[in-house]
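Some notes on the structure that comes next.
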Amino acid sequence: MTCKSLRSIYLITLCLAFTSNSLFAQDPLPAKEGLKGAFPERPYSPPAGRSFPMQVLWGDTHVHTAMSMDAGSFGARLNPEDAYRFARGEELMASSGQPVKLMRPLDFLVVADHSDNMGFFPRLFAGDPAFLADPTGRRWYNMIQEGGEKGVEVAVEVIVGFSQGTFPPALWSSPGESAYRSAWDETINAAEKYNDPGEFTAFIGWEWTSNTGGNNLHRVLIYRDGGERAGQTEPYTTVAPLGSDNPRDLWNWMQSYEDKTGGQVLAIAHNGNLSNGIMFPEIESFTGKKVDKEYVETRNRREPLYEATQIKGDGEAHPFLSPDDEFADYETWDQGNLDLSVMKENDMLQYEYARSALKLGLKLGNELGTNPYQFGMIGSTDTHTALATADEDNFFGKHSGAEPNADRINHPMAKVGDVEYAGWAMVASGYAGVWAQENTRESIYEAMMRKETYATTGPRMIVRFFGGWDFESADARTRSPALAGYSRGVPMGGELRAAPDGGSPRFLIAALKDPLSGNLDRVQVIKGWVDKRGRTHEKVYDVAWSDDRVKDADGKLPAVGSTVDVENATWTNTIGATELITVWKDPDFDAKQRAFYYVRVLEIPTPRWTAYDAAYFGTKSKTDIPMTTQERAYTSPIWYVPE
Amino acid sequence: MRRFLKEPLFHFLLFGALIFAVYGWINRDVRAPDEIFISKGQQEHLVNMFSRTWQRPPTPEEYQGLLRDFIREEIAYRESVAMGLDEGDVIIRRRMRQKLELLTDEIVSFAEPQENELQSFLVENPDRFRSEAVMDLRQVYISVDKHGDNAINEATSVLNRLLADPEVDWMSQGDVVQLPALLKDIRTGELGRLFGKQFTDGLAGLDVGVWSGPIRSGYGLHLVAIDRLEAARDPSLAEVRDEVKTEWLEQRRRQATDELYDRMAQKYLIEIESLAGDATG
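These protein sequence lines are chains A and B, in that order. All residue numbers for the first sequence refer to this note's numbering, where the first residue is 1 and numbers rise by one. All residue numbers for the second sequence refer to this note's numbering, where the first residue is 644 and numbers rise by one.
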């Protein structure tokens, strides 16, 4: 029986005088712009009527489902609808057959399946004859039937085949084909169904998976629009002639989408740690030439945010690049590129990490007039399980084969030839905090565009960061530092210009702990600048800390200590602070030099997910692996631009 | 048995059987088994499929090619089924199962629940549809960081001040924190996201209109005054009809699938070979 004959059943049934309304009555109405006014803003705190963003909304911009070809072969069975249901707080059965639920729901979610070959696995799973006629397709099918590890091997072959250009053409579906369209429609429909303005925002999105040579240049695309616009075109892919692996072509596609539909779409660059030196180029890998005006202007406009932390490693800073930063080596993944076909060289690192890219951006801004790497920070999971989990005690892993089980801390997460990604190295990270007026697609999208966002490695601490010229320490002693912040300064993501004579920028910084997570250890400001000879520099300042600690003779703040009981995976909040607020003035300011400032908030040590696993399953790790973690938040920077 | 006849599931299955029968009748093969007939409709379908892929109609040569290919497919299908090639093929088995289950889903989705069915579903599952409590709340924060072991004493003395003088400037009491002091029309869920579940649990049973506490949260201690409380309540069907219907259909779908398998399984003698004795092997 084909789809066609199913349709004939509908007709017959209608003839049998069933009411047809019921079929359509269940479909929720798509979100219309017009509905926006129907959901009055709920003031978070009086006085009412202020238009500042007074709430931080939590979300994940990067979740894959079974629609993604690699997720499907890793064993994911959950679809986009499941991903949204899970994020809004429902209990689901994970692909590995265990119940799972978030401790706290998220406020928004982007299902970002790979645009290349979207819906590949559902097709293979459904036994599409075209797939089985191909010897590789047949072999993959059989391996998936065997399940478990064999399925993981397929996923690895899929990724390698894709990045090395050896993917069998017969197994490929492209925009314009009906199989592709139905996968895209399913993605859109899921978002439309669960988008609930004022309560939960379901963004439409996808991931552009430029991966040539295994170097990860992925971008997550997020629409401001609903299905009526997003559905007018199909996602951009990386394979010629329809697609391209060059980000410039992606930006052109974004432009043509906006021209055609009147909609809006933004791109978030994937954590660059697996790009082997090409995520933030000075010399474009595609041309071998230095980036030009067009590149820096387009990138600045199209890519407002950067994914600074996720399951495949933390990308804020690297110890090689920041030897003076004692916290730079956090969940570092620097073996090689995504498929480990090329190992990492030190000279690649500066083009991969957020901090070094922000520095390079200042330099290019001086040279070309526009800073291409003027991005805000978000964290997201990039999970391939459809489950947006970033809590240490509720972590469902990178892919469905790495969902909680007794072995996953001792087992490779993925293996390519002789090289492997260790299971324990997965990071239970991260989420995106967005300062938005209301929980709608439009409001969150606007906040993303103005970069009023921050990244966390999972906990939901509340972080405020304002820059101005006249903040006083009294501004830090109020209940609502945001009032002073917005009225006399710019929020995170903003720019400071026009330094008053002899003035120095002052920053109003407030961090409040996550009530369910660790206390706060310290708040730091990270400054980057470019000197008059064009060289870039960075410095980390401790600006507020807990427990009345005193800096030593070298200006170093002693460690906060640890209360973690690894064996039982517990800790106590007897050290650290509930809240840290301060006004900090840059002591080394030079009004002629471009600079950026961002805030890093550190929690006290708490058990890492590996400790929760070991305690729950009673397994021992075979090697010495990290069992505690210091979770953190990275705010979007505030830039100083000389006139 | 009487009860069973009243069971809506039974009706689904009955209708299902009817649909199968009617479908079979309409699609009954009036042609000889060794005849391949390509109807006008099928030809149109071939042309449409081609046009959608290539954005143009097929040339006469291509059209002949489409027909030739269709005939081959039909022959291949019939011959391979006759040879039993479909047996034991995981893909075909799974596809068949998918279709069968999809059919059950389709049948259930046509059901229009009776008002009384929705009503009893709502009554039987109050937790799924209960509205959240909404309240106006004031809170005064006592920092444990600041007061340490003395925090409880501090909280008690602030509480006494608040109770003694209703005119006191409550906002200036306690310690300053970024948390909102006055919350209007806030739902329990939102409150939980802001202060944590420990806090919302602590609110349960507090009197409305007076300062009480301290209650604990992940941040420290709080004195609270609930000024208005709209308790959680069980909504009427009219208020949540759409949600109830969605859930009802979902449950029916699951039940129908289970029922389908249970009933079909009755036709079979199912025997599972014992694993015992394999231990040595």
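Every residue, glycine too, gets a C-beta built ideally from N, C-alpha and C. In this text, all values refer to a predicted model and were calculated from it rather than measured experimentally.
Could you compute how far the alpha carbon of residue i sits from the alpha carbon of residue j?
i: residue 754/B; j: residue 896/B; result: 10 Å
i: residue 874/B; j: residue 514/A; result: 27 Å
i: residue 826/B; j: residue 479/A; result: 14 Å
i: residue 316/A; j: residue 466/A; result: 20 Å
i: residue 700/B; j: residue 911/B; result: 51 Å
i: residue 822/B; j: residue 522/A; result: 19 Å
i: residue 482/A; j: residue 588/A; result: 26 Å
i: residue 111/A; j: residue 489/A; result: 35 Å
i: residue 731/B; j: residue 723/B; result: 13 Å
i: residue 302/A; j: residue 222/A; result: 11 Å
i: residue 407/A; j: residue 570/A; result: 21 Å
i: residue 324/A; j: residue 542/A; result: 13 Å
i: residue 659/A; j: residue 321/A; result: Only positions 1 to 643 of chain A appear in this structure, which leaves residue 659/A out of reach.
i: residue 641/A; j: residue 497/A; result: 5 Å
i: residue 829/B; j: residue 844/B; result: 15 Å
i: residue 765/B; j: residue 880/B; result: 7 Å
i: residue 797/B; j: residue 574/A; result: 19 Å
i: residue 443/A; j: residue 710/B; result: 54 Å
i: residue 37/A; j: residue 383/A; result: A caution first: residue 37/A carries a pLDDT of 41, below 50, which makes its placement in the model unreliable, though a value can still be read off. Looking at the two C-alpha atoms, the distance is approximately 34 Å.
i: residue 557/A; j: residue 508/A; result: 21 Å
i: residue 207/A; j: residue 381/A; result: 13 Å
i: residue 272/A; j: residue 96/A; result: 30 Å
i: residue 335/A; j: residue 353/A; result: 14 Å
i: residue 623/A; j: residue 426/A; result: 15 Å
i: residue 790/B; j: residue 784/B; result: 12 Å
i: residue 152/A; j: residue 339/A; result: 14 Å
Under 6 Å: does the beta carbon of residue i sit that close to some heavy atom of the ligand NAD?
i: residue 720/B; result: Ligands in the displayed structure: none, and consequently the ligand NAD is not present.
Under 8 Å between beta-carbons, which chain B residues line up against residue i? List them in chain order, please.
i: residue 477/A; result: 819
i: residue 104/A; result: 835 and 836
i: residue 132/A; result: 734
Mind checking who residue i pairs with in its DSSP beta bridge?
i: residue 855/B; result: 867/B
i: residue 379/A; result: 309/A
i: residue 600/A; result: 524/A and 634/A
i: residue 92/A; result: 100/A
i: residue 688/B; result: Residue 688/B is not bridged to any residue.
i: residue 486/A; result: According to DSSP, which records beta bridges pairwise, residue 486/A is partnered with nothing at all.
i: residue 296/A; result: Looking at the DSSP assignment, residue 296/A forms no beta bridge with any residue, so it has no partner.
i: residue 420/A; result: 415/A
i: residue 465/A; result: 509/A
i: residue 657/A; result: Because chain A in this structure spans residues 1 to 643, residue 657/A falls outside the shown range and cannot be described.
i: residue 491/A; result: 466/A
i: residue 59/A; result: 108/A and 432/A
i: residue 570/A; result: 565/A
i: residue 406/A; result: Residue 406/A is not bridged to any residue.
i: residue 529/A; result: 537/A and 595/A
i: residue 498/A; result: In the DSSP output, where bridge partners are listed per residue, residue 498/A has none listed.
Residues of chain B with a CB under 9 Å from the CB of residue i: which are they?
i: residue 512/A; result: 820, 821, 822 and 862
i: residue 481/A; result: 821
Residues of chain A with CB under 9 Å from residue i, in chain order?
i: residue 733/B; result: 127, 141, 142 and 145
i: residue 831/B; result: Those do not exist, as residue 831/B stays about 13 Å from chain A at its closest Cβ, beyond 9 Å.
For a contact meaning CB atoms closer than 7 Å, what does residue i contact in chain B?
i: residue 462/A; result: 821
So residue i packs on residue j, CB below 8 Å; how close in whole Å?
i: residue 387/A; j: residue 103/A; result: With a Cβ gap of about 13 Å, residue 387/A and residue 103/A do not count as contacting.
i: residue 468/A; j: residue 430/A; result: The Cβ separation is near 28 Å, so there is no contact.
i: residue 399/A; j: residue 71/A; result: 7 Å
i: residue 563/A; j: residue 572/A; result: 5 Å
i: residue 275/A; j: residue 371/A; result: Going by Cβ atoms, the distance from residue 275/A to residue 371/A rounds to 20 Å, so no, they are not a contact pair.
i: residue 544/A; j: residue 602/A; result: Going by Cβ atoms, the distance from residue 544/A to residue 602/A rounds to 11 Å, so no, they are not a contact pair.
Going along chain A in order, which residues have a C-beta closer than 8 Å to the C-beta of residue i?
i: residue 695/B; result: 178
Would you mind telling me which residues of chain A sit closer than 7 Å to residue i, beta carbon to beta carbon, in chain order?
i: residue 788/B; result: 577 and 578
i: residue 839/B; result: 515 and 516
Inset, instruction - Run through the stretch 776–801 of chain B for me and flag every whole beta strand (DSSP E) of 3 or more residues, listed as ranges in chain order. - result: Taking 3 residues as the minimum length, the beta strand (DSSP E) runs contained wholly in the stretch 776–801 of chain B are 777–785, in order along the chain.
Inset, instruction - May I have a chain-ordered list of the beta strand (DSSP E) segments no shorter than 3 residues that lie completely inside the stretch 802–836 of chain B? - result: Counting whole runs of 3 or more residues, the stretch 802–836 of chain B contains the beta strand (DSSP E) stretches 825–830.
Legend entry - 3-residue-minimum beta strand (DSSP E) runs that sit fully inside the stretch 207–285 of chain A, ordered along the chain: For the stretch 207–285 of chain A, whole beta strand (DSSP E) runs of length 3 or above, ordered along the chain, are 219–223 and 265–269.
Inset, instruction - Only counting runs of 4 or more residues, tell me where the alpha helix (DSSP H) segments fall wholly within the stretch 123–205 of chain A, in order along the chain. - result: Counting only runs of 4 or more, we get 129–132, 135–146, 148–163 and 178–194.
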